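Have a look at the structure below, then the notes.
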Amino acid sequence: MTHPDQQKNTLSKNQERLLLRQLFNQKIMENLKNNQTFDLSAIWAETQDFSELKNQLTDLKKCLDSFRPLSENEVFKLKQAFDVEYTYQSNKIEGNTLSKNETHLIVNKGFTIKGKTLTEHLEAINHQEAIDYIREIAVSDVPFDKRCLLNIHSLILHGINRENAGRYRQENVMISGSSFIPPSFLQIMDLMNEYFEFYEQNKDTMHPVELAAEMHERLVTIHPFIDSNGCTARLVMNLILLQNGYPITILDGENEKRFAYYDSLELARTGNDPEKRQFKIFIGNNVKKWLFTYLNLLAPNGNQHAQNKGYYFFKKIEPLIQKQ
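210 is the number that full-length UniProt numbering gives to position 210 of the sequence shown; each next residue is one higher, with no gaps.
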């Protein structure tokens with residue numbers, strides 16, 4: 001029998017892609033039998049060097065692009081798989097006690113969960129509507145500006161806090177568990193003008209993941225709203241990622257991961273990490289994690305007839321799938 005290494009010089013690019021995908025699927029089946037995962041970090045290794053991490057993210061995004069355009073079915077399945085997870089985890093970070101299944105039942109089935117508050121139900125419904133909104137904005141010509149930000153916040157607090165939904169705060173606030181004191185409400189307008197100026201000045205030159213992290217951190221540091229600053233900041237981060245072709249990135253609400261998120265934010269906004277290195281690496285590693293997840297989902301299901309679809313990705317991981 002001819003070994004794949006001997007065949008590939010005579011194969012077309014599409015034939016080689018199909019062969020590599022077949023090997024990829026075989027590797028997945030072997031891993032499933034051994035209760036192992038397909039570890040793409042063997043190709044894109046863990047790093048604490050943010051410049052290297054940005055290079056990895058750019059390369060992984062190129063891998064994702066090699067599967068594009070995605071079919072309607074692929075888009076639907078990805079949305080179905082991850083939107084509930086995103087809503088569940090983001091609300092969990094903020095203290096919502098709904099389980100992931102309860103979140104699914106509320107958002108997708110219209111159920112009411114006994115023993116859970118009306119606010120918790122609304123937080124789930126509102127967050128899903130906000131995800132739908134940022135998806136629409138990401139593929140439109142609508143800019144990310146003050147109106148867009150206030151619309152996101154208004155959706156999050158719809159029916160929960162009508163007085164403050166979609167409005168900058170008119171009073172001073174404290175952040176529970178943090179030594180950081182947010183700016184006076186009298187400074188909010190000027191600080192938010194600077195916020196959007198920073199975005200306009202950097203949106204075409206800064207790496208998209210770094211920009212998403214910056215806009216996330218800057219928003220929670222200004223803390224322009226009475227409530228839901230963190231949830232809104234994560235949606236802004238994902239809007240910027242989507243606009244630049246990256247997948248939605250979900251931050252884990254489990255205690256250890258949540259504390260790592262809070263700790264890196266605290267270092268950035270208190271000035272103890274003036275370059276925000278730890279927070280940017282934290283966000284970058286989470287984007288990388290979800291790029292891995294998307295690629296592992298897309299790779300086995302590529303269209304047999306799509307010329308060269310996924311070829312760049314399969315070539316990148318060829319050493320991994322050829323490994324005996």
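Where is the CB? At the ideal position from N, CA and C, for every residue including glycine.
The structure presented is a predicted model; accordingly, all values stated were derived computationally and were not measured.
How about residue i and residue j: do their beta carbons lie closer than 8 angstroms?
i      : j      : result
Ile134 : Asn238 : yes
Met215 : Ile248 : no
Lys54  : His207 : yes
Leu64  : Leu291 : yes
Ile43  : Arg258 : no
Lys146 : Phe196 : yes
Asn108 : Leu98  : no
Leu23  : Gln278 : no
Asp83  : Ile131 : yes
Arg169 : Ile226 : yes
Thr117 : Thr103 : no
Gln15  : Ile250 : no
Pro224 : Met174 : no
Tell me which same chain residues have a C-beta within less than 8 angstroms of the C-beta of residue i, skipping the five on either side of it?
i      : result
His158 : Leu122, Asn126, Glu129 and Ala165
Leu70  : Leu78 and Leu298
Thr232 : Leu149, Ile152, His153, Ile156, Leu219 and Phe225
Glu85  : Lys100 and Ile250
Gly177 : Tyr262
Short of 7 angstroms in beta carbon distance, which residues of its chain neighbour residue i, apart from the five on each side in sequence? Order them along the chain.
i      : result
Ser184 : Asn172
Glu120 : Asn96, Thr97 and Leu98
Leu32  : Unreliable positioning characterises Leu32 in this predicted model, as indicated by a pLDDT of 49, which lies under 50. The coordinate reading is nonetheless provided below. So no residue of the chain qualifies.
Ser228 : His153, Ile156 and Leu157
Lys13  : Asn308 and Tyr311
Gly230 : Ile93, Glu94 and Val220
Leu320 : Ala42 and Ile43
Lys289 : none
Residue i CB to nearest chain D CB: under 8 angstroms?
i      : result
Leu241 : Protein chain content of the structure displayed is limited to a single chain, and chain D is not contained in it.
So the candidates are the options; which of them puts its Cα closest to the Cα of residue i?
i      : options                           : result
Ala213 : Lys13, Asp39, Ile281 and Tyr88    : Ile281
Asp263 : Lys288, Ile283, Ile250 and Gly245 : Ile283
Asp49  : Glu194, Asn285 and Gly230         : Asn285
Ile188 : Thr47, Val220 and Leu70           : Val220
Thr270 : Lys289, Gln15, Pro182 and Asn193  : Pro182
Lys61  : Leu242, Val236 and Gln15          : Leu242
Asp252 : Ala260, Ala233 and Met174         : Ala260
Asn244 : Pro300, Gln26 and Lys203          : Lys203
Asn73  : Asn301, Ser51 and Gln56           : Asn301
Phe144 : Gln56, Asp190 and Leu211          : Leu211
Tyr246 : Thr47, Gln56 and Glu52            : Gln56
Taking residue i and residue j to be in contact with their CB atoms under 8 angstroms, please state how far apart those CB atoms are, rounded to whole angstroms.
i      : j      : result
Glu266 : Phe180 : 7 angstroms
Leu40  : Leu235 : Between Leu235 and Leu40 the Cβ distance is about 27 angstroms, and since that is not below 8 angstroms, they are no contact.
Val209 : Val142 : That belief does not hold up - the Cβ atoms of Val209 and Val142 are roughly 22 angstroms apart, past 8 angstroms.
Ile106 : Ala124 : 5 angstroms
Between residue i and the rest of its own chain, which residues show a CB-CB distance below 6 angstroms, the 5 nearest in sequence each way excluded?
i      : result
Ala268 : Glu217, Lys276 and Phe279
Asp190 : none
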